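Beneath this line is the structure, given in structure tokens, with notes to follow.
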Amino acid sequence: MDQLILSRQRRKDKVVVVIGATGTGKSRISIDLANRYDAEVINSDKLQIHKGLDIVTNKVTDAERRGVPHHLLGVAPPDEDFTVDDFVYHASLAADRITRRGRLPIIVGGSNSYVKALVNDDVEFRNKYECCFLWVDVLMPILHSFVSKRVDRMVDARLVDEVKEFFNPSGDYTRGIRRAIGVPEMHEYFRTEPFHEEHESRVKILEEAIEQIKSNTCILACRQVKNILRLEGLLERRMHRLDATDAFLKLGDEADQAWERSVAKPSTKIVDRFLSKTNTTPMFSPPVASIFLKSNAVATATR
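Structure below.
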């Protein structure tokens, strides 16, 4: 009888999912883990999926990737929308290819609508994969200060020149990569640039645009945390929160030590336990009616 039960089951493949608000260090920990576990990264940031605006969207550089293969990063044309369905399809394909090579897929990004659609709403993915969720979190006032300084660094890295190439005189920033924070905020500066004769006037408009970028980035971070909490309520599996605040309060070697202590080591222990655990799933999907009832029960449950 036991053999019959086992014959109707198969082991689930494992996937690690790293989420968090913008600027919390998701890419850093995903690359740390990828080097430790012979893994590959699947990007789930809906703007980093597009080509272009590498500074504005804060794409990881080749050097920062440290040899780790990245999928769905800078692959979609700038002006085309990459829908949730597109992401589910391509992310599933990438995960399948990675696991067939005997490697671990690590999904990382701040677009929680993409993650939810894949790990919670897609029945085929849920039947095939067991997920471990790592939430990299930073105390919001500390994160706001960090992202504000990060915008200044992006400006120093020629953000303005990069955005100018994507300036749209019609002001349509509803499609593709032009939705990225940093693009619509610069519209007024570029629109009036030919008419600015006074240097002080130009500087003032630019400063206002940069401040708006900072403000909108902070608003985004707050919204992302709220979405993470909603996702946590939907998931049947526990989400592991990693508090990286201490690493953001320190500088230099002390910051690296704090990161190792509060994020790197705990996440490694969590993933070690996850990978050593055996999980099985039925070979056949449950009836559609059962899936519908189950998803509704989860959606209406209170935390």
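In this text, residue positions in the sequence shown follow the numbering used here: the first is 191, and each later residue adds one.
Backbone N, C-alpha and C define an ideal beta-carbon position, used for all residues, glycine too.
Here the structure is a predicted model, which is why all the values come from computation and not from measurement.
| Item | Value |
| --- | --- |
| Residue range of the unbroken beta strand (DSSP E) whose run includes Met429 | Met429 to Asp433 |
| Residue closest to Met330, alpha-carbon to alpha-carbon, out of Ser452, Ala434, Thr382 and Val373 | Ala434 |
| Spatial distance of Leu439 from Ile332 (CA atoms) | 8 Å |
| Extent of the continuous alpha helix (DSSP H) run through Glu230 | Careful: Glu230 lies outside any alpha helix (DSSP H), inside the beta strand (DSSP E) at Ala229 to Asn233. |
| Continuous beta strand (DSSP E) stretch holding Lys204: start and end | Asp203 to Ile209 |
| Where Ala281 sits in the DSSP three-state scheme | helix |
| DSSP-derived helix/strand/coil call for Pro359 | coil |
| Closer than 9 Å to chain D by CB, Trp449 | Annotation note: the requested chain D is absent from the structure, which comprises a single protein chain. |
| Residues near Arg570 by beta carbon distance below 8 Å, same chain, minus five either side | Beyond the ends of the chain as shown, which are 191 and 493, falls residue 570; an answer cannot be given. |
| Alpha carbon of Glu320 to alpha carbon of Leu308, nearest angstrom | 12 Å |
| Candidates Gly264, Asp446, Val373 and Lys204: closest to Asn317 by CA position | Lys204 |
| Minimum length 4: unbroken alpha helix (DSSP H) runs contained in the segment 249-328 | 252-255, 274-290, 302-306 and 313-318 |
| Beta carbon of Val208 nearer than 9 Å to that of Ile288 | no |
| Cβ-Cβ distance between His377 and Asn406 below 9 Å | no |
| From Lys236, Glu422 and Asp443, residue whose alpha carbon lies closest to that of Phe323 | Glu422 |
| 7 Å Cβ shell around Ser303 - same chain, five flanking residues per side excluded | Val274 |
| Beta-carbon proximity check, Ile219 vs Val250, cutoff 9 Å | no |
| Pick from Asn225, Val341 and Arg431 that is closest to Ala399, judged by C-alpha positions | Val341 |
| Opening and closing residue of the alpha helix (DSSP H) in which His377 lies | His377 to Thr382 |
| Cβ-based burial, Ala347 [other Cβ within 10 Å; buried from 16] | exposed |
| Classification of Arg368 by the beta-carbon crowding that lies within 10 angstroms, buried from 16 upward | buried |
| Alpha-carbon spacing of Gln193 relative to Lys467, whole angstroms | For Gln193, the predicted structure reports a pLDDT of 46, less than 50, and the residue's modelled location is therefore unreliable. The matter cannot be settled from this model. |
| Limits of the unbroken alpha helix (DSSP H) element including Gly366 | Note, Gly366: premise wrong, no alpha helix (DSSP H); not H, not E. |
| Cβ-Cβ distance between Lys465 and Leu294 below 9 Å | Checking the displayed sequence, the identity of residue 465 turns out to be Leu instead of Lys. Closer than 9 Å, so yes. |
| Local Cβ density within 10 Å of Gly210, reported as buried at 16 or more and exposed below that | buried |
| Val206 classed as buried or exposed, judged by whether at least 16 other C-beta atoms fall within 10 angstroms | buried |
| Pick from Leu262, Leu223 and Tyr227 that is closest to Ile239, judged by C-alpha positions | Leu262 |
| Between the CA atoms of Glu401 and Arg201 - distance to the nearest angstrom | 51 Å |
| The ligand ATP heavy atom lying under 8 Å from the CB of Ala281 | In the structure on display, the ligand ATP does not appear, and there are no ligands present to speak of. |
| Whole alpha helix (DSSP H) elements within the segment 410-454, 4-residue minimum | 435-439 and 442-449 |
| Beta-carbon proximity list for Val305, same chain, < 8 Å, skipping 5 on both sides | Val207, Ile209, Ser234, Ile297, Gly299 and Leu421 |
| Cα-Cα separation between Thr471 and Val328, rounded to whole angstroms | Unreliable positioning characterises Thr471 in this predicted model, as indicated by a pLDDT of 49, which lies under 50. A coordinate reading is not provided. |
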